[in-house]
Amino acid sequence: MIAGLVGSLTGFASSFALVIAGSRAVGADSAQAASGLLVLCVVQGSIAIALSLTYRLPISVAWSTPGSAVLVTAGAMTHDFGVAIAAFIVAGILLAITGLWPWLARTMTRIPTPIAGAMLAGILFPICIAPVTAAVQLPLLALPAIVVWLVLSRLAPRWAVPAAVVATAIAVVVAAGPDWTRGARLAPTFVWTTPVFDPLVIVSLAVPLYLVTMAGQNIPGFTVLRTFGYEPVPARSILTATGVGSAVIAPFGAQTINLSALSAAIMVGDPHTAKDRRWVATVTAGTCYILLGLGAGIAGALVSASPPILIESVAGLALLGALITAVTGALEDPRGRIVAIGTFLVVASGIVVAGLGSAFWGLIVGAVLWLVLRTGRRSAAP
Numbered sequence: 124m125i126a127g128l129v130g131s132l133t134g135f136a137s138s139f140a141l142v143i144a145g146s147r148a149v150g151a152d153s154a155q156a157a158s159g160l161l162v163l164c165v166v167q168g169s170i171a172i173a174l175s176l177t178y179r180l181p182i183s184v185a186w187s188t189p190g191s192a193v194l195v196t197a198g199a200m201t202h203d204f205g206v207a208i209a210a211f212i213v214a215g216i217l218l219a220i221t222g223l224w225p226w227l228a229r230t231m232t233r234i235p236t237p238i239a240g241a242m243l244a245g246i247l248f249p250i251c252i253a254p255v256t257a258a259v260q261l262p263l264l265a266l267p268a269i270v271v272w273l274v275l276s277r278l279a280p281r282w283a284v285p286a287a288v289v290a291t292a293i294a295v296v297v298a299a300g301p302d303w304t305r306g307a308r309l310a311p312t313f314v315w316t317t318p319v320f321d322p323l324v325i326v327s328l329a330v331p332l333y334l335v336t337m338a339g340q341n342i343p344g345f346t347v348l349r350t351f352g353y354e355p356v357p358a359r360s361i362l363t364a365t366g367v368g369s370a371v372i373a374p375f376g377a378q379t380i381n382l383s384a385l386s387a388a389i390m391v392g393d394p395h396t397a398k399d400r401r402w403v404a405t406v407t408a409g410t411c412y413i414l415l416g417l418g419a420g421i422a423g424a425l426v427s428a429s430p431p432i433l434i435e436s437v438a439g440l441a442l443l444g445a446l447i448t449a450v451t452g453a454l455e456d457p458r459g460r461i462v463a464i465g466t467f468l469v470v471a472s473g474i475v476v477a478g479l480g481s482a483f484w485g486l487i488v489g490a491v492l493w494l495v496l497r498t499g500r501r502s503a504a505p
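The sequence shown runs 124 to 505 under our numbering.
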């Protein structure tokens, strides 16, 4: 139970600001962003409880942190939240289809690592440099959080990002004064947003959102379960449940949900609990997420009172580990480094061409480079 409590608290505190920032970047107001966080917590917690009880496995479900990063960098594509909602629905449907159609699931696992890793790294990079920008633009607000993060990264790494979030929250409340909650809905409220289907945005937002959710969360999450000896993994049920759940809750402002890879290891690898009882930790975590959702209104008000660069700064600190993992994976094979760098540069550029964003074009460039430089060549030592 302790592992579930720690996993849920660190998972929520480390990335809730990124979830809200992602929604705001694509046009959500504070009420819509808070509604999305609320419904995410309730539904991902409920699905984790249901799957864990059904299969007696430690199945941890969470929002797509890489997906939120996609949204933060996608603001140039749309500021109409209804259009973004439609993209969330399509991404959820794609996740569900992946669970129902084994061929698509196998295809996803065959995306070359230099392309998948570089695409994720390119999405994360603009956010991960935000602490540098914030330290220059808002030193009194940003530097305390960075210092707290640095000290705890040395002393207690698991709590470094949550502590930085707390330090940022204190700085924002002090700077904003007693009126920081003015106009905000502090009580948990569900807000409906009607989806608006725009083909260009669906291609440039839903497809990258689906790909990074699969490559950055679901596939590593399955690997974590298998690494700790949990076989067979009910991949079909997990993908179908999280995909359908994502599509259903999207109109309430929610982004995609998935099998957790970032916090799963905390619960799956708990040395103080027998292996066949570790599912209790994910049930505990699911319950905690439902309760944490009740504070979504306060979280939304806090983010609304903060300068956007400050929220991106905290998100950047939270995503440094993911960036390191993505870059390391992308560049691991020397023969794929040109492919990886080309993909990374296009994605990180933030370009929008013909209404399609940089993540889409980075994927296309990576595929072309792979076909030209790697296809048909015999494997040889560098």
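Using N, Cα and C, we set each Cβ at its ideal position, and we do this for glycine too.
Because the structure is a prediction, the values reported are computed rather than measured.
Problem - Limits of the unbroken alpha helix (DSSP H) element including Trp-186 - result: Taken as a continuous stretch (DSSP letters only), Trp-186 belongs to no alpha helix (DSSP H), being part of the beta strand (DSSP E) at 184-186.
Exercise for the section: Would you mind reading off the limits of the alpha helix (DSSP H) that contains Ile-293? Expected result: 283-299
Exercise for the section: Could you check what DSSP says for Ile-380 in three-state terms: helix, strand or coil? Expected result: strand
Practice task
Report all residues from its chain with a CB closer than 6 Å to the CB of Gly-418; omit the five preceding and five following residues, and keep chain order.
Solution key: none
Handout entry: Option in Ser-169, Val-324, Leu-264 and Pro-322 with minimal Cα separation from Ala-299
Key = Leu-264
Problem - Sequence-distant residues of the same chain with beta carbon closer than 6 Å to Gly-245, five excluded per side - result: Phe-467, Val-470, Ala-471 and Gly-485
Practice task
Please report how far the alpha carbon of Ser-146 lies from the alpha carbon of Pro-225, in whole angstroms.
Solution key: 31 Å
Practice task
Out of Ser-137, Gln-340, Asn-381 and Gly-409, point me to the one whose CA is closest to Ser-360's CA.
Solution key: Asn-381
Problem - Runs of alpha helix (DSSP H) lying entirely within the stretch 328-370, each at least 4 residues, in chain order - result: 330-336 and 342-350
Practice task
Please say whether Gly-168 and Ile-413 have beta carbons closer to each other than 7 Å?
Solution key: yes
Practice task
Compare the Cα-Cα distances from Ala-377 to each of Phe-313, Val-356 and Gly-134 and report the closest residue.
Solution key: Phe-313
Handout entry: Rounded straight-line distance, which links the Cα of Leu-334 to that of Gly-459
Key = 19 Å
Problem - Under the three-state DSSP convention, the category Leu-479 falls into - result: strand
Exercise for the section: Let me know if Glu-435 comes out buried or exposed under the rule of 16 or more other beta-carbons within 10 Å of its beta-carbon. Expected result: buried
Practice task
Determine the burial state of Ser-502: buried for a count of at least 16 other Cβ atoms within 10 Å of its Cβ, exposed for fewer.
Solution key: Residue confidence is low: Ser-502 scores 46 on pLDDT, short of 50, so the model does not pin down where it sits. Its coordinate-derived value is still stated next. Classification for Ser-502: exposed.
Exercise for the section: Keeping to the same chain, check which residues put their C-beta closer than 8 Å to that of Val-462; ignore five residues upstream and five downstream. Expected result: Pro-235, Pro-237, Ile-238, Ala-241, Gly-489, Leu-492, Trp-493, Leu-496 and Arg-497
Handout entry: From Thr-448, Ala-370 and Pro-430, residue whose alpha carbon lies closest to that of Ile-220
Key = Ala-370
Practice task
Go ahead and pull the three-state DSSP assignment for Ala-504.
Solution key: Residue confidence is low: Ala-504 scores 42 on pLDDT, short of 50, so the model does not pin down where it sits. Its coordinate-derived value is still stated next. Reduced to three states, the DSSP call for Ala-504 is coil.
Problem - 8 Å CB neighbourhood of Gly-423 in its chain, flanking five on each side removed - result: Ile-143, Ser-153, Ala-154, Ala-156, Ala-157, Leu-160, Ala-307 and Arg-308
Exercise for the section: Quick one: residues in its chain with C-beta nearer than 6 Å to the C-beta of Ser-327, no 5 flanking neighbours on either side, listed in chain order? Expected result: Met-200, Leu-479, Gly-480 and Phe-483
Practice task
Would you check if the distance between the CB atom of Ala-258 and the CB atom of Thr-291 is smaller than 7 Å?
Solution key: no
Practice task
Could you tell me how far apart the beta carbons of Cys-251 and Leu-446 are, in whole angstroms, since I believe they sit closer than 8 Å?
Solution key: 5 Å
Exercise for the section: Could you name each continuous alpha helix (DSSP H) segment of 4 residues or more that falls completely within the stretch 391-427, going from the start of the chain to the end? Expected result: 402-415 and 419-427
Exercise for the section: Quick one: using the 10 Å Cβ neighbour count with 16 as the cut-off for buried, is Ile-139 buried or exposed? Expected result: Per the sequence shown, the amino acid found at residue 139 is Phe instead of Ile. So Phe-139 counts as buried.
Handout entry: Within the stretch 209-293, ranges of the beta strand (DSSP E) (whole runs, at least 3 residues)
Key = none
Problem - Within-7 Å CB hit, Tyr-333 to chain B - result: Protein chains in the displayed structure number just one, and chain B is not present.
Handout entry: Validate contact between the stretch 400-407 and the stretch 173-187 using beta carbons, cut 8 Å, 3 pairs
Key = yes
Handout entry: Buried versus exposed, by CB contacts within 10 Å (16 or more), Phe-211
Key = buried
Handout entry: Exposure of Ala-148, with buried meaning 16 or more beta-carbon neighbours within 10 Å
Key = buried
Exercise for the section: Quick one: grab the DSSP three-state call for Gly-150. Expected result: coil
Problem - Helix, strand or coil at Pro-181 [DSSP, three-state] - result: coil
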